[in-house]
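Student:
Residue numbers (my numbering): 2 to 118.
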């Protein structure tokens, strides 16, 4: 099987996508904002930069990248819990989700996510 890797930016925002099948497995920055995503099926497993999936219909963290070394922007989705959030995320933005309205979070929320698992 050929691995799909892109070391630069990959932007599939504003395309009405319903899934991420066919996306690279490893990536620099990945932007999939303003689509119709309801899950992370097909998403990269490693993002060496920012992962922006804001303004979609996402509500759980299943099948999302295991490692995000930059900002994870999942603002304006349908999340109600940090349950299932991967253990390593540098920083995150969760504004506009039902569980909180603060603009960004970091280590304190990573710890909360670990205890909710």
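Even glycine gets a Cβ: it sits at the ideal position worked out from N, Cα and C.
Rounding to the nearest angstrom, what Cα-Cα distance links residue 151 and residue 25 in this structure?
Tutor: This structure gives no information on residue 151, because the portion of the chain shown stretches from 2 to 118.
Student: By the 10 Å Cβ neighbour count, where 16 or more other Cβ atoms means buried, how is residue 5 classified, buried or exposed?
Tutor: exposed
Student: Would residue 53 and residue 40 be called neighbours here (beta carbons separated by less than 7 Å)?
Tutor: No, Cβ-Cβ distance for residue 53 and residue 40 is not below 7 Å.
Student: Return helix, strand or coil for residue 8, following the three-state DSSP convention.
Tutor: In the three-state reduction of the DSSP assignment, residue 8 falls in the coil class.
Student: Rank 79, 70, 72 by C-alpha distance to the C-alpha of residue 58 and give the top, closest one.
Tutor: 79
Student: Can you check whether the CB of residue 56 is closer than 7 Å to the CB of residue 34?
Tutor: Contact check for residue 34 against residue 56 passes: the beta carbons are separated by less than 7 Å.
Student: How would you call residue 36, buried or exposed, if buried means at least 16 neighbouring beta carbons within 10 angstroms?
Tutor: buried
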